[in-house]
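J.: The structure under discussion is supplied below as structure tokens; questions concerning it will follow.
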Amino acid sequence: MASVHLQSSSGYVQQIQARSHQFRADEPLDNGGTDSGPAPYELLLGGLAACTSLTLRMYADRKQWELGLIDVRLRFSRDEQGVEKIDRTIAFGAELSEAQIARLAEICEKTPVTKTIRQGTPIATVLQRVALDAAS
Numbered sequence: 147m148a149s150v151h152l153q154s155s156s157g158y159v160q161q162i163q164a165r166s167h168q169f170r171a172d173e174p175l176d177n178g179g180t181d182s183g184p185a186p187y188e189l190l191l192g193g194l195a196a197c198t199s200l201t202l203r204m205y206a207d208r209k210q211w212e213l214g215l216i217d218v219r220l221r222f223s224r225d226e227q228g229v230e231k232i233d234r235t236i237a238f239g240a241e242l243s244e245a246q247i248a249r250l251a252e253i254c255e256k257t258p259v260t261k262t263i264r265q266g267t268p269i270a271t272v273l274q275r276v277a278l279d280a281a282s
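Residues 147 to 282, numbered by our numbering, are exactly what the sequence shown covers, in order.
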């Protein structure tokens, strides 16, 4: 369904390729990076924000609802006990009824990336001793 390819030769800058798109990730200066790209948790939040906005826009388009600007703000935090949480705030540029807002709130909880994060998707890891083929 989705895949990325990353190569890192040194330092914390990570070159990422997703289909024909190339971008980078890095750590902020205060964490030893060069701040040349978003940090990994920022990329995670970006994926959730994009999925949220895209899903809401698709739903609204089908319903022929005008949403105007969709503003999604996310914040990842971890408390003293290590409990992690994502706060998501969404605002719309268009005037919406209470019923529309309620329905859009339901849709937010059903976006694909929201569901993936909430269910705790398993990760299978394989380590290899030799470099992978560039086409892999």
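Positions of the beta carbon are idealized from the N, C-alpha and C atoms, including for glycine. These numbers come from a predicted model, not from an experiment.
(1) Quick check on the DSSP output: the alpha helix (DSSP H) that includes Thr257 runs from which residue to which?
(2) What residues match up with Asp217 in a beta bridge as DSSP calls it?
(3) Please identify the residue among Ser166, Thr260, Val159 and Gly239 whose C-alpha is closest to the C-alpha of Ala195.
(4) Just to confirm my understanding: we take Ile253, look at its own chain, exclude 5 residues before and 5 after, and list those with CB closer than 8 angstroms. What are they?
(5) Tell me where the beta strand (DSSP E) around Arg203 begins and ends.
(6) From Val159, Glu241, Leu190 and Thr180, pick the residue whose C-alpha is nearest to that of Gly214; which is it?
(7) Would you decide whether Gly157 is buried or exposed? Buried here means 16 or more other CB atoms lie within 10 Å of its CB.
(8) Let's see if you can read the secondary structure: which residues bound the beta strand (DSSP E) around Ala148?
(9) How many Å lie between Leu250 and Val276 at the Cα?
(10) In terms of alpha-carbon separation, which member of Ser155, Glu188 and Trp211 lies closest to Ala245?
T.: Taking the coordinates as given:
(1) Taking the first residue of the sequence shown as position 1, residue 257 is located at position 111. Per DSSP, Thr257 belongs to no alpha helix (DSSP H) and is neither H nor E.
(2) Position 71 of the sequence shown, counted from the first residue, corresponds to residue 217. Answer is Ala237.
(3) Residue numbering aside, residue 195 sits at position 49 when the sequence shown is read from its first letter. Nearest of Ser166, Thr260, Val159 and Gly239 to Ala195, Cα basis: Thr260.
(4) By one-based count along the sequence shown, residue 253 stands at place 107. The residues are Thr201, Leu202 and Tyr205.
(5) Within the sequence shown, numbered from 1, the residue matching residue 203 stands at position 57. Premise fails: Arg203 lies in the alpha helix (DSSP H), Pro186 to Lys209, not in any beta strand (DSSP E).
(6) Reading the sequence shown from its first residue, position 68 is the one you call residue 214. Selection Val159, Glu241, Leu190 and Thr180 evaluated against Gly214 yields Glu241 as nearest (Cα-Cα).
(7) Taking the first residue of the sequence shown as position 1, residue 157 is located at position 11. Sixteen is the threshold: since fewer than 16 other Cβ atoms of the shown chains lie within 10 Å of the Cβ of Gly157, the residue is exposed.
(8) The residue labelled residue 148 in the question sits at position 2 within the sequence shown. Annotation: Ala148 is outside any beta strand (DSSP E) and is labelled neither H nor E by DSSP.
(9) Here residue 250 corresponds to residue number 104 of the sequence shown, with the count starting at 1. Here residue 276 corresponds to residue number 130 of the sequence shown, with the count starting at 1. Roughly 48 angstroms separates the two Cα atoms.
(10) Residue mapping note: residue 245 aligns to position 99 of the sequence shown, counting from 1. Distance from the Cα of Ala245 is smallest, within the candidate group Ser155, Glu188 and Trp211, for Trp211.
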